[in-house]
Every structure is written in structure tokens, then in C-alpha cells.
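Numbering (this note's numbering), first residue to last: 4 to 97.
As C-alpha cells, this is what we get:
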């Protein structure tokens, strides 16, 4: 189950490139392309296998005009979406 303490990472077959205020993410196996807005691209950058969802949300709250509570809820929902789409993975048991 996804929690605030989950540590998401991009799956090995996913390639991402930041361009200006967005990022383009490609899943190699399926060829699926997803374009992320500026905040989504920043979350993509922060998902380094070291930071929890809560850690990432705290950074988002300081870098964008959003409350910490809203950043936490939005980051959790976005990470959950990227896991469901096969873009992010979470360690087993998380």
C-alpha cells in the first residue's frame, strides 16, 4: 500500500527528459509517452530512490505556491498514478 513513507523510483525501462517546464517520459517496453507538467517533472526528478513521498512533498511545498498539506496529498496521488501506469515502482512491502 502506498504511504507517505513509500520511496518511489522510476522503473528501469522508463526514460525521462526534462525540457523547460515539463518532462517527457517514455516507457521503453510499451512505447507509451507521458508529458508531465512542471510540478510533475519536479516530482520525477526527486524520485531518486532515497526520498519518501513525504520528503518530496516537503520540497514541492517550498518550491511552489502550495500548502504543505496540499503538496503531500497531491504528491501522494501523483506517485500513485505513476505507479499504476507502470512508470514508478515502490519497494516490495511498501
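Glycine is no exception: its CB is placed at the ideal position from the N, C-alpha and C atoms.
Quick caveat, the model's predicted, so the values are computed rather than measured.
Problem - Beta-carbon proximity check, residue 78 vs residue 9, cutoff 8 Å - result: no
Problem - Beta-carbon contacts of residue 6 that lie in its chain and below 6 Å, excluding the five residues immediately before and after - result: For residue 6, where only same-chain residues beyond five positions count, there are no Cβ hits under 6 Å.
Exercise for the section: Please confirm whether residue 43 and residue 81 have their CB atoms less than 8 Å apart. Expected result: yes
Practice task
Could you check the C-alpha separation between residue 98 and residue 89 for me, to the nearest Å?
Solution key: This structure leaves residue 98 out entirely; the chain is present only between 4 and 97.
Practice task
Determine which residues share a DSSP beta bridge with residue 91 and list them.
Solution key: 13
Practice task
Could you have a look at residue 64 and say whether DSSP puts it in helix, strand or coil?
Solution key: helix
Practice task
Starting from the Cα of residue 107, find the closest Cα among 36, 57 and 24 and give me that residue.
Solution key: The requested residue 107 does not occur in the structure, where the chain is confined to residues 4 to 97.
Practice task
Please confirm whether residue 39 and residue 23 have their CB atoms less than 8 Å apart.
Solution key: With contacts defined as CB atoms closer than 8 Å, residue 39 and residue 23 fail to qualify as a contacting pair.
Handout entry: Outcome for residue 59 when other beta-carbon atoms lying within 10 angstroms are tallied against a minimum of 16
Key = buried
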